[in-house]
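The sequence shown maps to residues 62 to 199 in our numbering. Every residue gets a Cβ at the ideal spot worked out from N, C-alpha and C, and that includes glycine. Predicted model, so just to flag it, every value in this text is computed and none were measured. First up is the structure itself, then whatever we jot down about it.
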Amino acid sequence: MIGPTDKAVHAWSLDGTLGHPRVPGPDGSGAVTRAAGALDLLDLPAELARRGYAGVQLAHFQLPTRDASYLAELRAALASSGVVLDAFLVDDGDLTHPTDADLHERWISGQLDDALALGADHARVGAGRSAPTPELLA
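This is the structure in structure tokens:
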């Protein structure tokens, strides 16, 4: 864990440096995109350590792949640099979706598995996007 006086950064603030990465959401639509010339995510931990950062928060869409070998490689890069993955943020999915909640739940569950594989200290998911009706709040 990072301490109260350690420097940490949310990788969202480095979105341009990382090439504005985007990946498909729960429904599988969209493509993996990333601008040319961007800093490779595998190189980010060493760069952060060089600049005195002890922790980072990553969002799911910053992972170019969810392949187990890539996740292990990123975890190793974090460990070798001494940078802690403070939180893995799942910024898509809708557990309250009126027709596809089960699909979204499976997708979010997979993202939480990725957080574990990466060694994240914390994970965060959105609660949903639907209006807070009495039925949904029950």
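message: Based on DSSP bridge pairs, tell me the residues matched to R83.
response: For R83, DSSP records a beta bridge to T94.
query: Should L102 and L146 be called a contact, given that it needs their Cβ atoms to be closer than 8 Å?
result: no
message: To the nearest angstrom, how far is the alpha carbon of A115 from that of Q172?
response: 23 Å
task: Out of A178, D155, A96, state which residue places its alpha-carbon closest to the alpha-carbon of R127.
output: The closest CA to that of R127, considering only A178, D155, A96, is found on A178.
- prompt: If you drop the 5 nearest sequence neighbours on each side, which residues of the same chain put their C-beta closer than 7 Å to that of H183?
  reply: D147, A148
query: Going by C-alpha distance, which of S141, H71, A107 is nearest L150?
result: H71
task: Count the other C-beta atoms from every protein chain shown that fall within 10 angstroms of the C-beta of V93, then say buried if there are 16 or more, exposed otherwise.
output: exposed
query: Can you round the beta-carbon distance between G154 and H165 to whole angstroms, since I take them to be within the 8 Å contact cut?
result: 4 Å
- request: Would you kindly check if the distance between the Cβ of V144 and the Cβ of L109 is under 8 Å?
  value: yes
message: I need the DSSP call for L124, collapsed to helix, strand or coil.
response: In this structure, L124 counts as coil in the three-state DSSP scheme.
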